[in-house]
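Chains as they are written, first to last, in my numbering: chain A, 1 to 225; chain B, 226 to 511. We put the beta carbon where it would ideally sit given N, CA and C, even for glycine. Take a look at the structure set out below.
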């Protein structure tokens, strides 16, 4: 479903961000992506989202290749591969429900289905009672749940999470993590980038990809094999 | 998709009414200027068409021209593709016409012992072939006949009217173009501000998989509507000016509907192109 094949990524001023990275993630997997900041975690997520292109090597995501994908297809890819961030990226002038509805509106969903779908998504992330609240009226954990609901709006098959618990306290972190586990249990692949080693250690059965200075230095799946 | 794009475009009108007003006003001003010169060009054209119907080339013949040479020349000239007809006016006929046209002054002519008027060939050209160049061309060919003493065709005023038409057309083009560029720059600035005001939304639209045409739609519609609005403002302003000029200075013809439609659509097109440029320049940076 996701496949990196000898991927190098070099930025003009920063230099080498990824150095010969190869890995594969299967349908429905839950994978931690770890490493210090600057190790290349966000670069990998951006490459999967086709927001950036490898300098050499190939990235394949859900049937699309970084070498052949056309501009128009990127929008289609992104409905299958959704993204949540450390800073939530919610629109401050819209309520929780409107933020979720926005993802449906701008991808051309019909008005009649938006309302019921938004309610269902907010219920799924446990925020039915906060539908009318604006982001600044919500806690960090609740904001991230809204972001998750928005990410699920277009029924993706992969969820990319870039330090989604980085701004959250321990309890909210656990809550969001459990929410992502539930979503994964329903069949969606989750790639969870984090430098929270405690969270990683507390879940030893979850596959870990570890990066250092742009190199993939550990893939726990291979150790087990 | 359209309702969303239209809604967002109208939202952006609400968010920055001054800027949108300024853009539309500028488009209106440029279309107004184009319209004024358009009216001028149309009216000069109108006058010209009427004058052209009367355009004649008169070839005065030498007194010693023989009748068969005149007849030959007349037949040849009548065969020119540009020529509608050729009429021979003898010296006697010329005198008669002069008497009639001179009215009270005819006694001066009557009392003359000799007829001072030459015979002539009056040549009328085909409609559509009466522009200055065709007239001059035919006149030059007629002047080449040995029997022809002098050719008159009012080249001075003909040249002036054609020049006037060209000036009106060029002024409409240059001034209208200059104003349109300023209008386009203002629309570009308005769209740029709208893009920056909505950059968080644009980021998220792309994040969740909105197509690029969906992202660009509202901005393009904003430009198009601003341009059309400018056209709709310019139209009544132009009509009022036209009426005032027509009532106080001299009677003018109003432009054909097709020109008006073209003007309004032209405004929309300038708006659309300006926002297209702005979108391509600034959306990429987000």
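Taking only beta-carbon atoms, is residue i less than 8 Å away from chain A?
| i | result |
| --- | --- |
| residue 435 of chain B | yes |
| residue 229 of chain B | yes |
Cβ of residue i less than 8 Å from any chain B Cβ?
| i | result |
| --- | --- |
| residue 163 of chain A | no |
| residue 192 of chain A | no |
| residue 72 of chain A | yes |
| residue 75 of chain A | yes |
| residue 119 of chain A | no |
| residue 231 of chain A | The structure shown has nothing for residue 231 of chain A, since chain A only spans 1 to 225. |
| residue 150 of chain A | yes |
| residue 82 of chain A | yes |
Under 8 Å between beta-carbons, which chain B residues line up against residue i? List them in chain order, please.
| i | result |
| --- | --- |
| residue 146 of chain A | Those within 8 Å of residue 146 of chain A in chain B number zero; the least Cβ separation is about 12 Å. |
| residue 78 of chain A | 431, 432, 433 and 434 |
List the residues of chain B whose Cβ lies closer than 7 Å to the Cβ of residue i, in chain order.
| i | result |
| --- | --- |
| residue 91 of chain A | 425, 426 and 429 |
| residue 103 of chain A | 433 |
Report the neighbours of residue i on chain B: residues whose CB is nearer than 9 Å to its CB, in chain order.
| i | result |
| --- | --- |
| residue 107 of chain A | 430, 433, 434, 435, 436 and 439 |
| residue 88 of chain A | Those within 9 Å of residue 88 of chain A in chain B number zero; the least Cβ separation is about 11 Å. |
| residue 64 of chain A | Result: empty, since nearest Cβ-Cβ is about 12 Å, beyond 9 Å. |
Alpha carbons only, please: which of the options is nearest the one belonging to residue i?
| i | options | result |
| --- | --- | --- |
| residue 436 of chain B | A:70, A:131, A:172 and A:116 | A:70 |
| residue 83 of chain A | A:44, A:97, A:175 and A:202 | A:44 |
| residue 475 of chain B | B:247, B:242, B:264 and B:320 | B:264 |
| residue 47 of chain A | A:119, A:5 and A:174 | A:5 |
| residue 343 of chain B | B:446, B:495 and B:285 | B:285 |
| residue 259 of chain B | B:491, B:360 and B:397 | B:397 |
| residue 26 of chain A | A:159, A:100 and A:130 | A:159 |
| residue 8 of chain A | A:1, A:2, A:40 and A:24 | A:40 |
| residue 320 of chain B | B:345, B:359, B:301 and B:298 | B:345 |
| residue 431 of chain B | A:196, A:13, A:73 and A:219 | A:73 |
| residue 410 of chain B | B:318, B:510, B:269 and B:499 | B:499 |
| residue 77 of chain A | B:433, B:241 and B:506 | B:433 |
| residue 186 of chain A | A:214, A:28 and A:196 | A:28 |
| residue 428 of chain B | A:2, A:85, A:3 and A:22 | A:85 |
| residue 213 of chain A | A:3, A:2, A:14 and A:1 | A:14 |
Around the C-beta of residue i, are 16 or more other C-beta atoms found within 10 angstroms, so that it is buried, or is it exposed?
| i | result |
| --- | --- |
| residue 441 of chain B | buried |
| residue 262 of chain B | buried |
| residue 105 of chain A | buried |
| residue 289 of chain B | exposed |
| residue 81 of chain A | buried |
| residue 322 of chain B | exposed |
| residue 68 of chain A | exposed |
| residue 339 of chain B | exposed |
| residue 503 of chain B | buried |
| residue 42 of chain A | buried |
| residue 222 of chain A | exposed |
| residue 407 of chain B | exposed |
| residue 127 of chain A | buried |
| residue 162 of chain A | buried |
| residue 248 of chain B | buried |
| residue 421 of chain B | exposed |
| residue 205 of chain A | exposed |
| residue 154 of chain A | buried |
| residue 370 of chain B | buried |
| residue 306 of chain B | exposed |
| residue 129 of chain A | exposed |
| residue 364 of chain B | buried |
| residue 473 of chain B | exposed |
| residue 50 of chain A | buried |
| residue 11 of chain A | exposed |
For residue i, decide whether its Cβ has a neighbour in chain D, counting only Cβ atoms nearer than 8 Å.
| i | result |
| --- | --- |
| residue 210 of chain A | In the displayed structure, chain D is absent; the protein chains listed are A and B. |
For this session: Give a yes or no on contact between the region 244-255 of chain B and the region 452-466 of chain B, applying the rule of three or more CB pairs nearer than 8 Å.
Result: Flag = yes, the region 244-255 of chain B and the region 452-466 of chain B touch.
Exercise. Between the region 59-74 of chain A and the region 135-148 of chain A, do at least 3 Cβ pairs fall closer than 8 Å?
Worked result: With the cut-off at 8 Å, the region 59-74 of chain A and the region 135-148 of chain A do not touch.
Exercise. Given 8 Å as the limit, is there contact between the region 227-240 of chain B and the region 469-478 of chain B, that is, 3 or more CB pairs closer than that?
Worked result: Not touching, per the Cβ criterion.
Exercise. Is it true that the region 203-217 of chain A meets the region 408-423 of chain B, where meeting means three or more beta-carbon pairs spaced less than 8 Å apart?
Worked result: Look at the beta carbons and you see the region 203-217 of chain A not touching the region 408-423 of chain B: under three pairs across the two are nearer than 8 Å.
For this session: Evaluate the contact criterion for the region 19-37 of chain A versus the region 184-192 of chain A: three or more CB pairs, one atom per stretch, below 8 Å.
Result: These segments touch.
Exercise. Using 8 Å as the Cβ pair cut-off and three pairs as the minimum, do the region 45-56 of chain A and the region 6-19 of chain A touch?
Worked result: The way I'd put it, the region 45-56 of chain A does touch the region 6-19 of chain A; three or more beta-carbon pairs between them come closer than 8 Å.
Exercise. Does the region 368-375 of chain B come close enough to the region 311-327 of chain B to have 3 or more Cβ pairs within less than 8 Å?
Worked result: No: the two stretches stay apart, fewer than three of their Cβ pairs being nearer than 8 Å.
Exercise. Touch check for the region 164-182 of chain A and the region 100-114 of chain A: three-plus C-beta pairs under 8 Å?
Worked result: The answer is no - the region 100-114 of chain A does not touch the region 164-182 of chain A, with fewer than three Cβ pairs under 8 Å.
Exercise. How about the region 384-398 of chain B and the region 473-490 of chain B: do they share at least three Cβ pairs that are nearer than 8 Å?
Worked result: Taking one beta carbon from each stretch, the region 384-398 of chain B and the region 473-490 of chain B have fewer than 3 pairs nearer than 8 Å; the two do not touch.
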